[in-house]
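Asks: Could you have a look at this structure, given as structure tokens, before my questions?
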């Protein structure tokens with residue numbers, strides 16, 4: 018079952034990392050449902066082939082740029098009456 022799902026996602030052109038995350042989520046859901054460990058060996062082999070084919074086709078891994086914080090909204094001088102200090106949360 019998992020192998021067919023990985024093949025389907027690969028045929029749709031999904032990125033290997035996306036397929037890997039979907040397969041991991043499927044395995045966790047399977048285990049959480051009390052069905053035991055999902056056999057993913059064959060699906061992982063299909064994913065490795067897709068990853069290799071994607072690299073051979075010139076598809077590069079896209080990486081998000083680092084988050085740069087220029088001015089934090091919270092400073093040690095935040096008054097005690099601020100919502101952040103009342104809830105203990107920093108967001």
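Numbering (the numbering used here), first residue to last: 18 to 108. In this text, a Cβ means the ideal position worked out from N, Cα and C, and glycines have one as well.
What is the C-beta distance between residue 27 and residue 63, in whole angstroms, given that I count them as a contact (C-beta under 8 Å)?
Replies: Within the chain shown, numbered from 1, the residue matching residue 27 stands at position 10. Within the chain shown, numbered from 1, the residue matching residue 63 stands at position 46. With 8 Å as the limit, residue 27 and residue 63 qualify as a contact, their Cβ atoms being about 7 Å apart.
Asks: Taking the C-alpha atoms as reference points, what is the distance between residue 33 and residue 48?
Replies: For the purposes of this step, residue 33 is taken as residue 16 along the chain shown, with counting starting at 1. For the purposes of this step, residue 48 is taken as residue 31 along the chain shown, with counting starting at 1. Taking the straight line joining both Cα atoms gives about 23 Å.
Asks: Thinking residue 36 and residue 45 are a contact (beta carbons under 8 Å), I'd like their distance in whole angstroms, please.
Replies: Numbered from its first residue, the chain shown carries residue 36 at position 19. Numbered from its first residue, the chain shown carries residue 45 at position 28. Actually they are not in contact, since the Cβ atoms of residue 36 and residue 45 sit about 15 Å apart, beyond 8 Å.
Asks: Determine the DSSP secondary structure at residue 85, reduced to helix, strand or coil.
Replies: Residue mapping note: residue 85 aligns to position 68 of the chain shown, counting from 1. Coil at residue 85, not helix or strand.
Asks: Compute the Euclidean distance between the alpha carbons of residue 57 and residue 19, then round it to the nearest angstrom.
Replies: The sequence position of residue 57 within the chain shown is 40, counting from 1. The sequence position of residue 19 within the chain shown is 2, counting from 1. If you take the alpha carbons of residue 57 and residue 19, they lie about 7 Å apart.
Asks: Taking DSSP as the reference, what is the three-state secondary structure of residue 29?
Replies: Within the chain shown, residue 29 is the residue found at index 12, counting from 1. Three-state DSSP puts residue 29 in coil, outside helix and strand.
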